[in-house]
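Enquirer:
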Amino acid sequence: MTKKLSLGPIPKSEFVKLTLTVSTELRENLDRYAALHSELNGTPVDATTLAPLMLETFMARDKGFRAACSGRASRSSRPARVLDKAS
260 MTKKLSLGPI PKSEFVKLTL TVSTELRENL DRYAALHSEL NGTPVDATTL APLMLETFMA
320 RDKGFRAACS GRASRSSRPA RVLDKAS
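So in the working numbering, spot 66 of the sequence shown is number 325, and the numbers just go up one at a time.
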């Protein structure tokens, strides 16, 4: 069995609601991931809690996105938030 997932413990943070429509297959996989995450971390968590963290992790690791944000921040008077690279 897998001992580690890409997503670690859930950090405390403020959230805003965003409604997404996903395929049935993706929903089932998100639920499976949440069950495994809960088992490995000892804390119950559902797919709707994990999905935003998965998206944030994906964006933090996307070199093209980070480069685009860095370029945009240098042209803007208001700096853009660039996500820290996840380990």
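By construction, the Cβ of each residue, glycine as well, lies at the ideal position given by its N, Cα and C atoms.
If you're wondering where the values come from, they're calculated on a predicted model, not measured in any experiment.
Buried or exposed, going by whether 16 or more other CB atoms sit within 10 Å of the CB of Leu309?
Expert: buried
Enquirer: Distance, Cα to Cα, Arg286 vs Ala293?
Expert: 10 Å
Enquirer: Taking the straight line between their C-alpha atoms, what separation do you get for Thr316 and Thr283?
Expert: 22 Å
Enquirer: What residue range is occupied by the uninterrupted alpha helix (DSSP H) comprising Ser265?
Expert: Neither: Ser265 is in no alpha helix (DSSP H) and is coded neither H nor E.
Enquirer: For Leu277, name the three-state secondary structure that DSSP assigns.
Expert: coil
Enquirer: Using DSSP with H/G/I as helix, E/B as strand and the rest coil, what is Pro311?
Expert: helix
Enquirer: With distances taken between CB atoms, is the gap from Leu299 to Leu264 smaller than 8 Å?
Expert: yes
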